[in-house]
Ligand SMILES: Cc1cc2nc3c(=O)[nH]c(=O)nc-3n(C[C@H](O)[C@H](O)[C@H](O)COP(=O)(O)OP(=O)(O)OC[C@H]3O[C@@H](n4cnc5c(N)ncnc54)[C@H](O)[C@@H]3O)c2cc1C
Ligand code: FES
Ligand code: FES
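Protein chains in written order, with the numbering used here: chain A, 1 to 262; chain B, 1 to 161.
Quick look at the structure:
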């Protein structure tokens with residue numbers, strides 16, 4: 001690891017000020033960033049820990065919206081949205097392992113936008129709003145491809161607002177070695193239609209499967225998906241699965257998600 | 001360098017650390033508590049699990065300065081006050097829950113938070129909870145058995161998988 005200074009502010013304002021320094025980067029749970037620092041994939045001169053900022057932690061549930069502070073750990077999300085948004089709780093409790101869930105945060109996951117991460121699928125399928133220290137970004141405009149988001153340098157995810165759906169399910173086909181999703185499908189049904197977001201599959205990161213959304217919005221049932229398939233072109237191909245295999249899994253998991261949500 | 005103060009296994013400690021000093025380095029190199037093992041150093045294997053304010057955390061993936069003011073427990077703090085093995089540690093010995101012993105500190109620390117939150121877990125729950133603790137020797141079976149035994153449950157009927 002290169003050397004750096006570690007700052008531990010307790011307010012968003014102080015964190016933003018610290019992030020204004022040259023080569024500064026936020027540190028949340030460190031579950032992704034600390035291993036990358038060790039691999040010298042990142043070389044910040046100042047690391048700004050967000051872990052002591054109480055104003056970006058915790059969950060509030062109000063009028064059909066679940067708002068989760070950007071610094072809230074996966075373990076806290078799992079526990080606190082269990083009743084209000086069970087599919088989201090299920091997603092959180094199946095991230096990694098208990099020690100990872102005690103440190104890793106929703107803001108870190110969404111900022112990182114790993115192509116196999118779970119939260120991006122939930123945010124996109126729920127039409128969530130990513131709240132930062134400067135603005136609000138619709139999930140549809142936020143994810144810009146593998147490890148790329150609309151966040152500007154020094155911008156902090158302070159909260160994520162999820163409209164609670166009528167029904168939802170997350171089906172994760174786990175890659176057993178990494179515990180990330182080999183493919184994961186998050187389906188959410190709202191009064192104005194169904195949204196289906198897929199993680200783990202595309203080389204462009206999380207995406208919406210619009211044909212499935214149209215079919216399911218017309219008639220909500222696994223039958224509606226009969227005959228729908230995706231091409232393996234542009235899908236991730238690696239030692240864990242080919243692009244065609246991943247494309248096949250998306251259709252299978254989407255059917256399972258419909259059954260689980262129905 | 002910044003000064004950090006925390007409680008480790010019940011004792012107050014205060015030391016100067018650099019920003020990039022990991023908790024594993026702080027425990028092993030500064031405090032000479034070498035029971036916390038480093039297997040992967042990338043938050044994958046769980047050999048380094050410790051408790052920070054009662055929660056399991058991978059010590060290789062938290063900086064020492066982040067534990068300012070915290071109460072930390074390592075494997076060295078798990079034995080009973082008289083030095084005898086704790087129930088979980090004794091069960092690992094009784095049920096042959098270790099071979100080389102490299103993963104054992106992390107296994108015991110994870111087992112302790114599991115049983116704190118879920119005093120009578122099922123075999124499946126134990127296996128799920130240990131997802132982040134990798135063992136290259138035992139095949140896990142006797143580890144699971146030891147933890148179930150430590151929870152006071154009858155393990156005679158548990159067949160090897
Ligand atoms: C063994 C293991 C298994 C895992 N399994 C899964 C899994 O199944 N599914 C899954 O989705 N994830 C998984 N993860 C990843 C885990 O969820 C991470 O916690 C997460 O990706 C990063 O969150 P973090 O809080 O640790 O962020 P960090 O590692 O601290 O930061 C990640 C990146 O985000 C930036 N950042 C952090 N917080 C913010 C913020 N609030 N605003 C702006 N930028 C920010 C940092 O600068 C850094 O670039 C796993 C990780 C491990 C180690
Ligand atoms: S050494 Fe920390 S998880 Fe492997
Ligand atoms: S006993 Fe050797 S790694 Fe677990």
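Glycine included, each C-beta is placed from N, C-alpha and C at the ideal position.
**Asked** Given a threshold of 16 other Cβ atoms within 10 Å of its Cβ, counted over all protein chains shown, does residue 59 of chain B qualify as buried or as exposed?
**Response** Stepping through the second chain from its first residue, residue 59 of chain B is reached at position 59. Buried.
**Item:** chain A contacts from the segment 43-63 of chain B (Cβ-Cβ distance under 7 Å)
**Value:** Within the segment 43-63 of chain B, the residues whose Cβ lies closer than 7 Å to some Cβ of chain A are 43, 46, 49, 55, 56, 57, 58, 61, 62 and 63, listed in chain order.
**Prompt:** Residues bridged to residue 6 of chain A by DSSP?
**Reply:** Residue mapping note: residue 6 of chain A aligns to position 6 of the first chain, counting from 1. Note: residue 6 of chain A is bridge-paired with A:47 in the DSSP secondary-structure output.
**Message:** Following a CB-centred definition, is residue 69 of chain A positioned closer than 7 Å to any heavy atom of ligand 5?
**Reply:** Within the structure as shown, ligand 5 is missing, the only ligands being ligand 1, ligand 2 and ligand 3.
**Asked** So is residue 14 of chain B buried or exposed if we call it buried at 16+ other beta carbons inside 10 Å?
**Response** Counting from 1 along the second chain, the entry for residue 14 of chain B is found at position 14. Exposed, by the Cβ-count rule.
**Prompt:** If you pair each beta-carbon of the segment 81-99 of chain A with each one of the segment 156-170 of chain A, do three or more pairs fall below 8 Å?
**Reply:** These segments touch.
**Distance between residue 73 of chain A and residue 33 of chain A (C-alpha atoms, nearest Å)** = Indexing the first chain from 1 puts residue 33 of chain A at position 33. Indexing the first chain from 1 puts residue 73 of chain A at position 73. Taking C-alpha positions only, residue 33 of chain A is separated from residue 73 of chain A by approximately 15 Å.
**Request:** Verify the contact flag: residue 96 of chain A, CB atom, against every heavy atom of ligand 2, threshold strictly below 7 Å.
**Result:** Counting from one through the first chain, the residue named residue 96 of chain A turns up at place 96. The answer is no for residue 96 of chain A.
**Asked** Does the separation of the CB atoms of residue 120 of chain B and residue 86 of chain B fall below 8 Å?
**Response** Looking up residue 120 of chain B in the second chain gives position 120. Looking up residue 86 of chain B in the second chain gives position 86. No, the Cβ-Cβ distance between residue 120 of chain B and residue 86 of chain B is not below 8 Å.
**Asked** Where does the unbroken beta strand (DSSP E) through residue 25 of chain A begin, and where does it stop?
**Response** The residue labelled residue 25 of chain A in the question sits at position 25 within the first chain. From DSSP, the beta strand (DSSP E) with residue 25 of chain A extends over 24-27.
**Request:** Using a Cβ-Cβ cut-off of less than 7 Å, give me the residues of the segment 31-50 of chain A that come near chain B, in sequence order.
**Result:** Residues are counted here when their Cβ sits less than 7 Å from a Cβ of chain B; for the segment 31-50 of chain A these are 31, 34, 35, 38, 47 and 49, given in chain order.
**Message:** Taking 7 Å as the cut-off, is the beta-carbon of residue 127 of chain B closer than that to any non-hydrogen atom of ligand 3?
**Reply:** As a working mapping, residue 127 of chain B is identified with position 127 in the second chain. The beta carbon of residue 127 of chain B sits no closer than 7 Å to any heavy atom of ligand 3.
**Prompt:** When the Cα atoms are used, what is the spatial distance from residue 89 of chain B to residue 68 of chain B?
**Reply:** Start at 1 with the first residue of the second chain, and residue 89 of chain B comes out as number 89. Start at 1 with the first residue of the second chain, and residue 68 of chain B comes out as number 68. In a straight line, the C-alpha of residue 89 of chain B is about 28 Å away from that of residue 68 of chain B.
**Neighbouring residues, chain B, relative to residue 17 of chain A (Cβ below 7 Å)** = For the purposes of this step, residue 17 of chain A is taken as residue 17 along the first chain, with counting starting at 1. Residues of chain B whose Cβ lies closer than 7 Å to the Cβ of residue 17 of chain A do not exist; the shortest such Cβ separation is about 17 Å.
**Message:** Taking the straight line between their C-alpha atoms, what separation do you get for residue 44 of chain B and residue 45 of chain A?
**Reply:** Counted from its first residue, the second chain places residue 44 of chain B at position 44. Counted from its first residue, the first chain places residue 45 of chain A at position 45. Distance between the alpha carbons of residue 44 of chain B and residue 45 of chain A: 26 Å.
**Request:** Name the two residues that bound the continuous beta strand (DSSP E) containing residue 3 of chain B.
**Result:** As a working mapping, residue 3 of chain B is identified with position 3 in the second chain. Boundaries of the beta strand (DSSP E) harbouring residue 3 of chain B: 2-8, taken from the DSSP string.
**Terminal residues of the alpha helix (DSSP H) in which residue 141 of chain B lies** = As a working note, residue 141 of chain B is residue 141 in the second chain. Note, residue 141 of chain B: alpha helix (DSSP H), 141-150.
**Item:** Proximity test, Cβ basis, 8 Å: residue 266 of chain A and chain B
**Value:** The requested residue 266 of chain A is not part of the displayed model; chain A covers only 1 to 262.
**Request:** Could you please give the first and the last residue of the uninterrupted beta strand (DSSP E) stretch that includes residue 121 of chain B?
**Result:** For this step, residue 121 of chain B is matched to residue 121 along the second chain. Run containing residue 121 of chain B: none; DSSP gives neither H nor E here.
**Message:** Here's the rule I'm using: 16 or more other beta-carbon atoms within 10 Å means buried, otherwise exposed. How should residue 134 of chain A be labelled?
**Reply:** Counted from its first residue, the first chain places residue 134 of chain A at position 134. Exposed, because fewer than 16 other Cβ atoms sit within 10 Å of the Cβ of residue 134 of chain A.
**Three or more C-beta pairs below 8 Å linking the segment 94-112 of chain A and the segment 65-79 of chain A** = Verdict: yes, contact present.
**Message:** Counting only C-beta atoms, is residue 99 of chain A closer than 8 Å to chain B at any point?
**Reply:** The residue given as residue 99 of chain A occupies position 99 in the first chain. Closer than 8 Å to some Cβ of chain B, the Cβ of residue 99 of chain A qualifies, so yes.
**Residues of its chain near residue 243 of chain A, where Cβ-Cβ distance is below 6 Å and the 5 sequence neighbours each way are ignored** = Your numbering for residue 243 of chain A matches position 243 in the first chain. So the list reads 232, 235 and 237, once near-sequence residues are dropped.
**Asked** Should residue 20 of chain B be flagged as near chain A, meaning a C-beta pair shorter than 8 Å?
**Response** Walking along the second chain from the start, residue 20 of chain B turns up at place 20. Against chain A, the CB of residue 20 of chain B has a partner CB under 8 Å away; the residue lies at that interface.
**Asked** Which residues in chain B sit within 8 Å of residue 4 of chain A, going by Cβ to Cβ distance?
**Response** Counting from 1 along the first chain, the entry for residue 4 of chain A is found at position 4. Here the neighbours are 19 and 20.
**Request:** Could you tell me whether the segment 23-38 of chain A touches the segment 47-63 of chain A, using the rule of 3 or more Cβ pairs below 8 Å?
**Result:** They touch, by the three-pair rule.
**Prompt:** Within 10 angstroms of its Cβ, does residue 37 of chain B collect 16 or more other Cβ (buried), or is it exposed?
**Reply:** Position 37 of the second chain, counted from the start, is the residue given in the question as residue 37 of chain B. Burial is judged here by how many other beta carbons sit within 10 angstroms of a residue's own beta carbon; residue 37 of chain B has at least 16 and is buried.
**Message:** Distance cutoff 8 Å, beta carbons only. Does residue 96 of chain A sit that close to anything in chain B?
**Reply:** On the first chain, residue 96 of chain A is found 96 positions in, with the first residue counted as 1. Contacts with chain B at 8 Å (Cβ-Cβ) include residue 96 of chain A.
**Asked** Counting contacts by CB-CB distance shorter than 8 Å, is residue 14 of chain B in contact with chain A?
**Response** As a working note, residue 14 of chain B is residue 14 in the second chain. No, no contact with chain A.
**Asked** For residue 21 of chain B, which residues from the same chain have a beta carbon less than 6 Å from its beta carbon, with the 5 sequence-adjacent residues on both sides left out?
**Response** Taking the second chain and counting its residues from 1, the one referred to as residue 21 of chain B is at position 21. Same-chain partners within the cutoff: 64.
**Request:** Note down the Cα distance separating residue 4 of chain B from residue 71 of chain B, rounded to an integer number of angstroms.
**Result:** Numbered from its first residue, the second chain carries residue 4 of chain B at position 4. Numbered from its first residue, the second chain carries residue 71 of chain B at position 71. Residue 4 of chain B and residue 71 of chain B have their C-alpha atoms spaced approximately 12 Å apart.
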